[in-house]
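This report refers to the structure that appears directly beneath it.
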Ligand code: NAP
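In our numbering, the protein residues as written are 2 to 244.
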């Protein structure tokens with residue numbers, strides 16, 4: 002078994018974790034899915050591309066024998082998290098989930114939680130101007146919306162988009178002032194987001210509160226049963242250093 006830690010990444014937390022582990026003298030390999038055309042890379046060594054499901058990841062773990070895996074993928078990246086849980090169990094590899102907390106409403110917020118992107122599309126079907134910030138994947142859930150739809154994503158969605166779409170390609174973080182200006186410019190009357198949590202994309206929620214706009218949030222998928230989890234990069238570093 003080597004001293005290397007595999008960080009399943011694709012998030013700001015994963016990049017921070019890689020940097021902090023390297024600074025603490027831990028050998029780190031970060032793994033990215035390869036979904037984004039021009040990803041922001043973490044410090045240290047990086048591999049890109051899927052493993053081939055839980056079995057492929059289990060094979061990889063058997064061949065490379067990392068001392069631990071930290072799954073720091075996005076809260077909605079449920080497939081890789083499920084793969085990590087199964088592959089770690091099958092190979093006896095220590096596994097930790099690093100997942101930032103979800104958002105909590107504040108006074109003045111008008112939030113509605115739904116279980117899926119399809120549920121979000123249903124919730125906003127009667128709105129005139131919808132701001133969809135749920136990302137490139139799954140954008141097709143909104144294809145039948147009849148009104149104006151502002152779709153923001155890092156890369157263009159592959160799915161068909163609503164007829165009244167304005168596509169905005171942009172990568173956060175965004176400022177509250179810019180979010181307010183954007184929502185005003187497009188006369189947005191409802192915002193749709195995943196409950197991603199974190200500060201990178203939180204400004205849209207503050208902007209919606211300031212403008213008195215409702216927000217529809219897609220609930221997170223549950224973690225695999227029994228998966229140990231921490232909420233901060235600092236706790237993940239401590240866990241790795243104690244191993
Ligand atoms: P997903 O549905 O859980 O994963 C789909 C497949 O992509 C996985 O089965 C795996 O392929 C591969 N994969 C995902 N993350 C990987 C990683 N870090 N390293 C190697 N392979 C990976 O994930 P997703 O929602 O498509 O997200 C893909 C990536 O984008 C993740 O790294 C995630 O952190 C990041 N991201 C996702 C979102 C989001 O809203 N979902 C937002 C921001 C960033 P194999 O089965 O072949 O191993």
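Glycine included, each C-beta is placed from N, C-alpha and C at the ideal position. Just so it is clear, the structure is predicted and the values come from calculations on it, not from any experiment.
If I measure Cβ to Cβ from residue 109 and keep anything under 6 Å in the same chain, skipping five residues before and after, which residues do I get? 210
With 16 as the cutoff for other CB atoms within 10 Å, does residue 49 come out buried or exposed? exposed
Inter-residue CB distance, residue 44 and residue 19 (contact presumed, cutoff 8 Å): 6 Å
Check residue 203 in the structure and name its three-state DSSP category. coil
Would you check if the distance between the CB atom of residue 71 and the CB atom of residue 99 is smaller than 8 Å? yes
Between the Cα of residue 37 and the Cα atoms of 138, 218 and 174, which residue gives the shortest distance? 138
Can you tell me which of the three DSSP states residue 94 falls into? coil
Going by DSSP in three states, residue 218 sits in which element: helix, strand or coil? strand
Between the alpha carbons of residue 148 and residue 213, how many angstroms are there, rounded? 20 Å
Counted within 10 angstroms of its Cβ, other Cβ atoms place residue 2 as buried (16 or more) or exposed: Low per-residue confidence applies at residue 2: pLDDT is 47, beneath 50, and the placement is therefore not dependable enough to give any value.
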